[in-house]
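Student: Here the protein sequences come in this chain order: A and B. Count the first sequence with our numbering and you get residues 1198 to 1557, in order. Count the second sequence with our numbering and you get residues 10 to 365, in order. Every residue gets a Cβ at the ideal spot worked out from N, C-alpha and C, and that includes glycine. What follows is a structure written as structure tokens; I'll ask about it next.
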Amino acid sequence: MSRVKTAFRTPWFWAIIGIALLLLVNSIKNPAYLAISVNPTTGLLTGNVLDILRISAPIIMIALGMTFVIATEGIDLSVGSMMAVGGAVAMQTLSTLDSNSVGAMFTAIGLALLLAIVLGAINGILVAVVGLQPFISTLIMMLAARGIARVITDGQNTNATNEPFRQLANGQILGLPTSFVLAIAIVVLIALTMRRTALGLMIESIGINPKASRLAGIRPRPILIGVYVLSAALAAVGGLFSVSEVMTVSVGGTGNLMELDAILAVVIGGTSLAGGKFSILGSTIGALLIATLNKTVLFLGIPAAATPAFKALVIIALVLLQSERIRSFAFSRTKSSGTPTGPATPAATESTPVSKEVVA
Amino acid sequence: MSTSRTLAETVPPVADLPESKKAENVTHLSRLWERSQTLIPTLTALVLLFGMLIYAEIAYGRVFHAGTMSSLLVSFAPTIILAVGMTIVIVSGGIDLSVGAVVAFSSVAGVMLMNIGVNGWLSMLLMIVFGAVFGLIAGVMIQYFNVQPFIATLAMMFLARGLASILSTTPVIAPEDSPILLLATDWKLIDGPKVNDFTITPGLLIAVLVVLGGLFFMHRTRMGRTVYAIGGNESSAQLMGLPVSRTRVWIYIVSGALSGLAAIVYTAEVGGKAQNVTGIGWELDAIAAVVIGGTLLTGGYGYILGSIVGVFVIAALRLIITKDGTINPEYLTIITGAVLLAFVLLQRVLTRRRSS
């Protein structure tokens, strides 16, 4: 019983319920939705679920980076543009090298990461050393990085051919999309680094109280800069995954409006926007929920441009749930009635967007 | 209050002592310096503006030219309206990222209403109301649920953009007899030779009225002073008994309503065509204008006229880039970002000096 109660209190538990509900809605519309079949021409597995996993890879990457930024009580609004930068560098490099080798792929990935790290360091320095508000420094970077992506490709939607690079999103490892497997590997690697060393705790302590953590001997500057660099680098990796699907970078479209996806995934996963704690597993599941939501909206025939409205409704519901006023209201009701009604409110949240889609 | 007055009376007047006179002078000077310090960014922006205009005149010509000036003013009328709203929000210590998306929703919704036969003037009023509703939701979230302003308005940005896309993903065009098109009539004020006329439109007039209204609101009304007080120190404002909650919600309603108004002016200017992709990046233009104009992002300081100077700086920047032709338009966002960053850094240096 107590285990069930803990599960109800875990934010990502509700995200899993949300994913299940969305898949259920899709299955009702088309009973064969969950079916996985073998594509006769390529010999690979195909199916809607695998599609969801593939498009979730970039979202997992930006959500992971955003998790640590938000844990330090910051925000990184430049992740979407950073995806475009990563994709643009990779495509431009591959189209210049014009070879099908693995070496060309690694050159492209290396250059993309390098530029993203430089831009992320600028973000970090503006926040940690100059002392600007995170949202304004990253807002400027969002503007500038999109411009940089345009400059790199001369404003063109550059495409390139490189078989190994194309395999990132289109290949499969043990039946799962390569990009998803890589994303999970990166998540596990970073989770181990954060939780097996003191790094994760230090990030959280900066988010709780920067002054107190400095007095406790934690130097905030390198950690803050590192967090923004990590976020930018992961966003660039997300951009690589996203462009390798179609081997074209769309300088206006790649990563456009993905900032809210990342923030949403992080908030769904239970990381508070007030900073001070993070949940890597939660953010990953949150990202999977966003990917499922994206696919569901498309599947139900709603224009893709309308998805932001649903995401906005979900995030409004979630931030309201995080607010003191609603919490104290729910808490006092719990006290008076004597039964734990805690789960009732999140359940309502999860069902709201779903029912909205059914109506729409 | 009374005790301090009696204390002051008991202390003998010391004004005739030479040292104290000097000290008073110094405090006077430092106070003057401190006051003008808040004007430094605005003055820098003015210098930059005239520098850019003079450069453009020398390099490309036909800049101080009634035709060029008036068309530039007319095309930046929506930005001027948005900048006024954004100034009020930023002075209160908040931010409104939703303005561009609200413009898109209001214009699409308004034009669709006109197309299904709703009275043109009524639809225009409704466009402002739609904007105000988005502002109201954001304001309530921020004030009563303690949501950070940028998160609340980012959510509104996505909501408005998504709803606009649900309404229509293709451009919708207002009927030809719609009164909204009257707002784009050219009024020739000065009939110069050939195309060198100084023409304004009712839309530009609306923008000027909004600026005047904003000035009156910020400097001559109680609510305007409360906005400054909230931006300066919210808990002090609360302790002084100022209506913080009500004012804060109104700030976002005003910003949303002004976005609706900007949607009207813009839709009129482009001939009644409304699209769901209108206004992408306009929030950044508005924020950049406000910051260049000397309003502190942390709130408490700022002037609407400064933001108007900021809009002109951005307009002059666009003018130079289009006149030049050799500058890749791809660099435009990088240049705007760099200018914005430079002014944010300037603010940072000035505020740091003041606080230390």
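For V348 of chain B and S1525 of chain A, what's the separation of their Cα atoms in angstroms?
Tutor: Computed Cα separation, rounded: 45 Å.
Student: Quick check on Q356 of chain B: does DSSP put it in helix, strand or coil?
Tutor: In this structure, Q356 of chain B counts as helix in the three-state DSSP scheme.
Student: Applying the criterion that 16 or more other CB atoms from any shown protein chain within 10 Å of the CB defines a buried residue, is Y64 of chain B buried or exposed?
Tutor: When all chains shown are included, Y64 of chain B counts as exposed.
Student: So for F73 of chain B, helix, strand or coil by DSSP?
Tutor: F73 of chain B: coil per DSSP, three-state reduction.
Student: Checking the sheet assignment: what are the DSSP bridge partners for S1275 of chain A?
Tutor: DSSP output for S1275 of chain A lists no bridge partner at all.
Student: Any heavy atom of the ligand GDP closer than 8 Å to the CB of T1468 of chain A?
Tutor: Absence of the ligand GDP from the depicted structure is noted, as is the absence of any ligand whatsoever, leaving it without description.
Student: Expressed to the nearest angstrom, what Euclidean distance is found between the alpha-carbon atoms of V56 of chain B and I301 of chain B?
Tutor: Taking the straight line joining both Cα atoms gives about 12 Å.
Student: When the Cβ atoms of the segment 105–115 of chain B are set against those of the segment 258–268 of chain B, are three or more pairs found closer than 8 Å?
Tutor: Yes, the segment 105–115 of chain B touches the segment 258–268 of chain B.
Student: Counting only Cβ pairs nearer than 9 Å, list the residues of chain A close to A266 of chain B.
Tutor: Within chain A, no residue comes near A266 of chain B; the closest Cβ sits about 20 Å away, beyond 9 Å.
Student: May I ask you to report which of helix, strand or coil DSSP gives L2 of chain B?
Tutor: There is no way to answer for residue 2 of chain B, as the model of chain B reaches only from 10 to 365.
Student: Under three-state DSSP, which class holds K1474 of chain A?
Tutor: Here K1474 of chain A sits in coil by DSSP.
Student: Does L306 of chain B come out as helix, strand or coil in the three-state DSSP assignment?
Tutor: Here L306 of chain B sits in coil by DSSP.
Student: Less than 9 Å between the C-beta atoms of I260 of chain B and V1516 of chain A, yes or no?
Tutor: No, these two residues do not count as a Cβ contact at 9 Å.
Student: Helix, strand or coil, according to DSSP, for S1533 of chain A in the structure here?
Tutor: Annotation note: pLDDT 47 at S1533 of chain A (below 50); position unreliable, no value reported.
Student: DSSP puts P1374 of chain A in a beta bridge; with which residues?
Tutor: Partner(s): A:Q1369.
Student: May I ask which residues mark the beginning and end of the alpha helix (DSSP H) holding I1322 of chain A?
Tutor: Element bounds for I1322 of chain A: V1299 to I1322.
Student: Would you identify the three-state DSSP class for A1570 of chain A, choosing helix, strand or coil?
Tutor: Any answer about residue 1570 of chain A is impossible in this case: the structure gives chain A only from 1198 up to 1557.
Student: Could you tell me the boundaries of the alpha helix (DSSP H) in which I1345 of chain A lies?
Tutor: It spans P1331 to I1349 - the alpha helix (DSSP H) in which I1345 of chain A sits, taken as one unbroken run.
Student: Does any C-beta atom of chain A lie closer than 9 Å to the C-beta of I7 of chain B?
Tutor: Outside the displayed span of chain B (10 to 365) sits residue 7 of chain B, for which this structure offers no information.
Student: Return the Cβ separation of S1428 of chain A and G1317 of chain A in integer angstroms, given the expectation that the two are a contact with Cβ distance under 8 Å.
Tutor: With a Cβ gap of about 6 Å, S1428 of chain A and G1317 of chain A count as contacting.
Student: Hey, does A92 of chain B have any beta-carbon neighbour from chain A nearer than 9 Å?
Tutor: Answer no: the Cβ-Cβ gap between A92 of chain B and chain A never drops below 9 Å.
Student: Check distances from the C-beta atoms of the segment 239–270 of chain B to those of chain A and list, in chain order, the residues that come in under 9 Å.
Tutor: Correct list: empty, as no residue qualifies.
Student: Mind checking P184 of chain B: buried by the 16 CB within 10 Å criterion, or exposed?
Tutor: Answer is exposed; the Cβ neighbour count stays below 16.
Student: Just checking, does the segment 73–82 of chain B make contact with the segment 132–143 of chain B on the three C-beta pairs under 8 Å criterion?
Tutor: No, because fewer than three Cβ pairs between the segment 73–82 of chain B and the segment 132–143 of chain B fall closer than 8 Å, the two stretches do not touch.
Student: Consult DSSP for L135 of chain B and reduce its assignment to one of helix, strand or coil.
Tutor: Of the three classes helix, strand and coil, the one that applies to L135 of chain B here is helix, per DSSP.
Student: What is the rounded straight-line gap between the Cα of L1486 of chain A and the Cα of G308 of chain B?
Tutor: Answer to the nearest angstrom: the Cα atoms are 37 Å apart.
Student: Going along the segment 348–364 of chain B in order, which residues come within less than 7 Å of chain A, judged by CB to CB distance?
Tutor: Answer set for the segment 348–364 of chain B: L349, L350, V353, L354 and R357.
Student: Report the neighbours of I1513 of chain A on chain B: residues whose CB is nearer than 9 Å to its CB, in chain order.
Tutor: I146, M150, V156, A161, A164, M165 and L168, listed in chain order.
Student: So, for V1299 of chain A: in the same chain, excluding its five sequence neighbours on each side, which residues have a beta-carbon less than 7 Å away from its beta-carbon?
Tutor: Same-chain partners within the cutoff: P1361.
Student: State the Cα-Cα distance for the pair I1214 of chain A and G103 of chain B, rounded to the nearest angstrom.
Tutor: One C-alpha to the other measures close to 35 Å.
Student: Could you check what DSSP says for V1424 of chain A in three-state terms: helix, strand or coil?
Tutor: V1424 of chain A falls in the helix class under three-state DSSP.
Student: Between S1533 of chain A and the rest of its own chain, which residues show a CB-CB distance below 7 Å, the 5 nearest in sequence each way excluded?
Tutor: Residue placement at S1533 of chain A is flagged as unreliable, the pLDDT there being 47, under the threshold of 50; the coordinate-derived value follows with that caveat. If we look at S1533 of chain A and ignore the five residues flanking it on each side, it has no Cβ neighbours.
Student: Can you tell me the Cα-Cα spacing of G1558 of chain A and E339 of chain B, whole angstroms?
Tutor: The question about residue 1558 of chain A has no answer, for chain A in this structure spans 1198 to 1557.
Student: For G346 of chain B, which residues in chain A fall below 8 Å Cβ to Cβ?
Tutor: Ordered by position in chain A, the residues that pass the 8 Å Cβ test against G346 of chain B are I1337, M1338, L1340, A1341 and G1344.
Student: With C-beta atoms as the reference, is F167 of chain B less than 9 Å away from A1509 of chain A?
Tutor: Yes, the pair counts as a contact, with Cβ atoms nearer than the cut-off.
Student: Between D1158 of chain A and chain B, is there a C-beta pair that is closer than 9 Å?
Tutor: Past the boundaries of the shown model lies residue 1158 of chain A; chain A is included only from 1198 to 1557, so the question cannot be answered.
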